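Undergrad: The sequence shown lines up with residues 10 to 304 when you count with the numbering used here.
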Amino acid sequence: HGDKAPQQRFGFESNGTDQCRRIQVGAQCWWNSCVNLLAGLEPATRPAGRVPRRPATNAGIPETIMHARSKIPKPYQLAIVLCLPLMAGCGAPPPPPPPPPPPAPVIGAFASPVVWTAEAGVRLDVGDDMPLVLERPFIPLITVGRDDLGLLVQCDSCEGEPIGYVDEGSVVYEPLPPEVAAWGSLAEFALSVREAAASRDLDALRTVMAFDFTSSLLGPQHPDAAFAVWRDESFASLDGVPSLLADGLAPLDDGIWSAPLAFIEDFDYRGLRLGFRRSRDGRWEWLYLMRGTTP
10 HGDKAPQQRF GFESNGTDQC RRIQVGAQCW WNSCVNLLAG LEPATRPAGR
60 VPRRPATNAG IPETIMHARS KIPKPYQLAI VLCLPLMAGC GAPPPPPPPP
110 PPPAPVIGAF ASPVVWTAEA GVRLDVGDDM PLVLERPFIP LITVGRDDLG
160 LLVQCDSCEG EPIGYVDEGS VVYEPLPPEV AAWGSLAEFA LSVREAAASR
210 DLDALRTVMA FDFTSSLLGP QHPDAAFAVW RDESFASLDG VPSLLADGLA
260 PLDDGIWSAP LAFIEDFDYR GLRLGFRRSR DGRWEWLYLM RGTTP
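1) Looking at the structure shown, is residue 214 part of a helix, part of a strand, or coil, going by DSSP?
2) Start and end of the beta strand (DSSP E) containing residue 116?
3) How should residue 155 be labelled, buried or exposed, when 16 other C-beta atoms within 10 angstroms of its C-beta is the threshold for buried?
4) Quick one: give me the first and last residue of the beta strand (DSSP E) that residue 236 is part of.
5) I'd like to check one pair, residue 254 with residue 292: are the Cβ atoms closer than 8 angstroms?
6) Considering only their Cβ atoms, is the gap separating residue 150 from residue 116 smaller than 8 angstroms?
7) Check whether the Cβ atoms of residue 1 and residue 247 lie closer than 8 angstroms to each other.
8) Assuming residue 174 contacts residue 159 (C-beta within less than 8 angstroms), just tell me the rounded distance between them.
9) Run through the DSSP bridge pairs and tell me what residue 182 is partnered with.
10) Between which two residues does the beta strand (DSSP E) harbouring residue 268 extend?
11) Could you check which residue in 244, 238, 178 and 225 has the C-alpha nearest to that of residue 205?
12) Can you check whether the CB of residue 146 is closer than 8 angstroms to the CB of residue 129?
13) Could you check if residue 252 is buried or exposed, using at least 16 other CB atoms within 10 Å of its CB as the buried criterion?
14) Quick check: the Cα distance between residue 194 and residue 127, rounded to an integer number of angstroms?
15) Is the Cβ-Cβ distance between residue 201 and residue 229 less than 8 angstroms?
16) Find out if the Cβ-Cβ distance for the pair residue 237, residue 256 is shorter than 8 angstroms.
17) Taking the alpha-carbon of residue 222 as reference, which of 242, 232 and 213 has the nearest alpha-carbon?
18) On the premise that residue 217 lies in contact with residue 187, defined as a C-beta separation below 8 angstroms, what is that separation, rounded to the nearest angstrom?
19) Going by other Cβ atoms of all chains shown within 10 Å of its Cβ, with 16 needed for buried, is residue 120 buried or exposed?
20) Looking only at its chain, what residues have a beta carbon closer than 8 angstroms to the beta carbon of residue 122, apart from the 5 residues adjacent to it on each side?
21) What would DSSP say about residue 274, mapped onto helix, strand or coil?
22) Can you tell me the Cβ-Cβ gap for residue 198 and residue 207, rounded? I've got them flagged as a contact below 8 angstroms.
23) Going by beta-carbon coordinates alone, are residue 322 and residue 172 separated by less than 8 angstroms?
24) Beta strand (DSSP E) containing residue 142: first to last residue?
25) Starting from the Cα of residue 177, find the closest Cα among 170, 157 and 165 and give me that residue.
26) Less than 6 angstroms between C-beta atoms, sequence neighbours within five positions excluded: which residues of the same chain meet that for residue 287?
27) Out of 103, 170 and 295, state which residue places its alpha-carbon closest to the alpha-carbon of residue 250.
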């Protein structure tokens with residue numbers, strides 16, 4: 010081919026990386042030479058008379074080629090042997106393997122087994138296009154764990170008990186002393202009352218109970234009267250505070266937030282209920298824990 014560059018001799022533009030294509034074109038040149046050589050050879054002349062037939066060790070190969078092969082010099086026979094695997098194995102490169110799947114997020118433990126929504130409107134990302142909006146403050150959420158995507162929780166009080174992610178800043182889980190939480194958010198205050206009631210800490214509860222706290226429609230209305238009622242009933246009402254808050258808090262008239270939800274939605278409800286309200290000085294106070302009609 011003279012002084013022509015390799016890509017001009019082979020009839021393609023080399024990009025410096027298509028080595029397989031180079032080999033294939035070179036092998037094609039060898040093959041063409043072999044074919045031309047075979048085409049120029051005359052068929053071998055059989056000797057007169059009966060010639061013993063050799064064992065059929067080349068089944069499937071045309072007889073013309075077998076006779077012609079005997080006339081091919083050894084170097085050309087070697088070229089043919091090398092051409093065939095090159096032509097067969099130097100096809101298009103296989104597609105690259107698919108990328109490995111991303112590693113699953115590592116779920117770590119969280120500090121508290123339960124958290125509560127810090128306000129109304131907390132968004133629970135359940136993986137759909139539209140996140141689930143938790144409409145009430147202090148809805149309990151069971152913690153599954155925490156990873157790079159956020160805090161993974163389950164809402165037992167929601168329909169279908171969905172599992173999803175919430176922002177860690179949108180929940181509360183560390184109870185403060187009631188007198189401190191009274192100056193914070195409604196959820197922080199509810200959590201402090203819940204924990205003090207569960208431990209029957211009457212001294213801590215006294216600091217946030219209204220001066221006219223109602224525990225019964227009969228008799229005096231103040232914290233000491235409520236303590237006497239609770240002791241007489243072996244703290245049955247006080248021990249029910251955590252379960253009353255199991256569905257969060259809902260608003261009533263005059264800025265009162267109450268639980269349970271049945272007390273808000275069911276006109277005939279006559280069971281135990283509680284209520285909180287922010288006073289004029291900005292401090293939350295506990296108004297009532299009682300049965301019967303609305304105080």
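In this text, a Cβ means the ideal position worked out from N, Cα and C, and glycines have one as well.
Keep in mind the model is a prediction, meaning the values are calculated, not measured.
TA: On the basis of the supplied data:
1) Residue 214 sits at position 205 when you count from the first residue of the sequence shown. Looking at residue 214 - three-state DSSP - the assignment turns out to be helix.
2) Translated into the one-based positions of the sequence shown, residue 116 becomes position 107. Here residue 116 belongs to no beta strand (DSSP E), and DSSP marks it neither H nor E.
3) Position 146 of the sequence shown holds residue 155. So residue 155 counts as buried.
4) The count along the sequence shown starts at 1 and reaches residue 236 at position 227. No beta strand (DSSP E) holds residue 236; the alpha helix (DSSP H) holding it covers 232-241.
5) Within the sequence shown, the letter at position 283 stands for residue 292. Within the sequence shown, the letter at position 245 stands for residue 254. No, they are not a contact pair.
6) As a first step, residue 116 is located in the sequence shown; it is residue number 107 there, counting from the start. As a first step, residue 150 is located in the sequence shown; it is residue number 141 there, counting from the start. Their beta carbons are not under 8 angstroms apart, which means residue 116 does not touch residue 150 by this criterion.
7) Not covered by the structure: residue 1. The range shown for the chain is 10 to 304.
8) Within the sequence shown, the letter at position 165 stands for residue 174. Within the sequence shown, the letter at position 150 stands for residue 159. That pair is a contact at about 4 angstroms.
9) Looking up residue 182 in the sequence shown gives position 173. DSSP lists no partner for residue 182.
10) What you label residue 268 is simply residue 259 of the sequence shown in a count that begins at 1. First-last of the beta strand (DSSP E) with residue 268: 265-268.
11) Residue mapping note: residue 205 aligns to position 196 of the sequence shown, counting from 1. Of 244, 238, 178 and 225, the residue nearest in Cα terms is 244.
12) Locating residue 129 in the sequence shown gives position 120, where the first residue counts as 1. Locating residue 146 in the sequence shown gives position 137, where the first residue counts as 1. Yes, Cβ-Cβ distance for residue 129 and residue 146 is below 8 angstroms.
13) Within the sequence shown, numbered from 1, the residue matching residue 252 stands at position 243. Exposed is the call here.
14) As a first step, residue 194 is located in the sequence shown; it is residue number 185 there, counting from the start. As a first step, residue 127 is located in the sequence shown; it is residue number 118 there, counting from the start. For residue 194 and residue 127, the distance between alpha carbons rounds to 8 angstroms.
15) For this step, residue 201 is matched to residue 192 along the sequence shown. For this step, residue 229 is matched to residue 220 along the sequence shown. No; because the gap between Cβ atoms is not below 8 angstroms, this pair is not in contact.
16) Along the sequence shown, read from residue 1 onward, the residue named residue 237 stands at position 228. Along the sequence shown, read from residue 1 onward, the residue named residue 256 stands at position 247. No.
17) For the purposes of this step, residue 222 is taken as residue 213 along the sequence shown, with counting starting at 1. Considering only alpha carbons, the answer is 232.
18) Translated into positions along the sequence shown, residue 187 becomes position 178. Translated into positions along the sequence shown, residue 217 becomes position 208. Indeed, because the Cβ distance is near 4 angstroms, the residues count as touching under 8 angstroms.
19) Position 111 of the sequence shown holds residue 120. Exposed, since its Cβ has fewer than 16 Cβ neighbours within 10 Å.
20) Locating residue 122 in the sequence shown gives position 113, where the first residue counts as 1. The residues are 151 and 152.
21) On the sequence shown, residue 274 is found 265 positions in, with the first residue counted as 1. It is helical.
22) The residue labelled residue 198 in the question sits at position 189 within the sequence shown. The residue labelled residue 207 in the question sits at position 198 within the sequence shown. Between residue 207 and residue 198 the Cβ distance is about 15 angstroms, and since that is not below 8 angstroms, they are no contact.
23) No answer is possible for residue 322: it lies beyond the span of the chain, which begins at 10 and ends at 304.
24) Locating residue 142 in the sequence shown gives position 133, where the first residue counts as 1. Counting along the chain, the beta strand (DSSP E) containing residue 142 begins and ends at 141-143.
25) Residue 177 sits at position 168 when you count from the first residue of the sequence shown. Closest by alpha carbon: 157.
26) On the sequence shown, position 278 is the one that residue 287 refers to. So the list reads 293, once near-sequence residues are dropped.
27) Taking the sequence shown and counting its residues from 1, the one referred to as residue 250 is at position 241. Answer by Cα proximity: 295.
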